[in-house]
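Written out below as structure tokens is the structure these notes cover.
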Ligand code: ATP
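In the UniProt record's numbering, the protein residues as written are 314 to 609.
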């Protein structure tokens with residue numbers, strides 16, 4: 314009996330663990346809209362990053378063939394440049410981010426990093442080169458330490474703390490009775506939107522990627538949290554190429570280039586002051602958002 318129940322009990326535990334990690338991965342794929350059907354080419358090579366130059370070259374794409382989303386989309390982000398994508402809901406901003414991470418393949422043109430077509434490189438090396446700070450960071454039902462170190466199994470406590478400090482979440486963690494051993498997520502301590510995002514920033518800092526893809530939160534955080542996060546994000550962007558999907562224009566006035574999209578096309582681009590002076594779409598969006606913020 315014992316010989317039978319022991320292994321079965323053990324299998325039960327393993328089964329639950331596997332199920333849990335599948336659930337966690339499932340949630341992550343849902344969030345990132347990962348279709349999980351893209352395969353590496355047989356002769357795929359690891360991406361060799363030289364500076365982190367991103368190039369969308371005459372890209373065409375649609376989620377289904379009957380409905381094109383992007384047509385002739387071209388954009389180059391030079392190494393170290395900060396570029397923001399703005400535009401109305403449905404303009405295609407998040408789609409650009411998904412194509413950069415190669416969740417989908419383009420149907421025309423090419424996306425390249427440092428001259429290498431994404432279809433010719435391994436997905437592992439691509440994903441290692443790009444840090445994503447999503448709107449809503451997925452937390453695993455595990456400790457804060459695990460959540461920050463996720464993807465960097467070899468990280469030391471010192472490295473984890475340094476990342477947490479830079480993301481301005483260390484003091485909060487230390488204020489918890491169990492510190493870095495505190496369980497968070499669905500079945501643990503629920504973190505606020507701002508706290509979750511800072512865990513996500515710490516996770517990305519630890520990964521140290523040359524390219525950052527920031528998907529700015531649409532939901533309003535309180536002003537102080539928003540400022541703290543902006544400071545963390547700005548520090549994180551130093552020396553990296555940054556592509557931001559922006560909703561609030563006030564956070565991107567310093568961007569090297571603002572790209573205004575409408576229906577999958579670039580309709581205006583330039584720096585904040587130049588776009589305001591132009592008096593076009595961006596200026597109208599700015600006026601509208603400023604008025605809304607004044608009312609709020
Ligand atoms: P928002 O500011 O609301 O996030 P966005 O500019 O990021 O909008 P996208 O999410 O890129 O817009 O969507 C562009 C278009 O693609 C929209 O018309 C949308 O309906 C469509 N779309 C987005 N995701 C999918 C999908 N998984 N399957 C089919 N169509 C999609």
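Where is the CB? At the ideal position from N, CA and C, for every residue including glycine.
So, is residue 614 buried or exposed, given that buried needs 16 or more other C-beta atoms within 10 angstroms? Residue 614 falls outside the range modelled here, since the chain spans only 314 to 609, and no answer is possible.
For residue 582, report the span of its alpha helix (DSSP H) as first-last. Premise fails: residue 582 lies in the beta strand (DSSP E), 578-583, not in any alpha helix (DSSP H).
Residue 406, buried or exposed, once every other Cβ within 10 Å from all chains shown has been counted against 16: buried
Exposed or buried, what is residue 521 when buried is set at 16 or more other beta-carbons lying within 10 Å of its beta-carbon? exposed
Does the distance between the C-beta of residue 564 and the nearest non-hydrogen atom of ligand 1 fall short of 6 Å? no
Taking the alpha-carbon positions, what's the residue 552 to residue 527 distance? 15 Å
Does DSSP classify residue 395 as helix, strand or coil? strand
Comparing C-alpha positions only, which one of 566, 587, 367, 420 sits nearest to residue 429? 367
Return the bridge partner residues of residue 500 from the DSSP annotation. Partner(s): none; residue 500 has no beta bridge.
Helix, strand or coil, according to DSSP, for residue 469 in the structure here? coil
Outcome for residue 489 when other beta-carbon atoms lying within 10 angstroms are tallied against a minimum of 16: The C-beta of residue 489 has fewer than 16 other C-beta atoms within 10 Å across all chains shown, which makes the residue exposed.
Which whole-angstrom value is the C-beta distance of residue 525 and residue 444, which I expect to be below 8 Å? 5 Å
Whose CB is closer than 5 Å to a heavy atom of ligand 1? List the residues in chain order. 376, 382, 402, 403, 404, 405, 406, 407, 408
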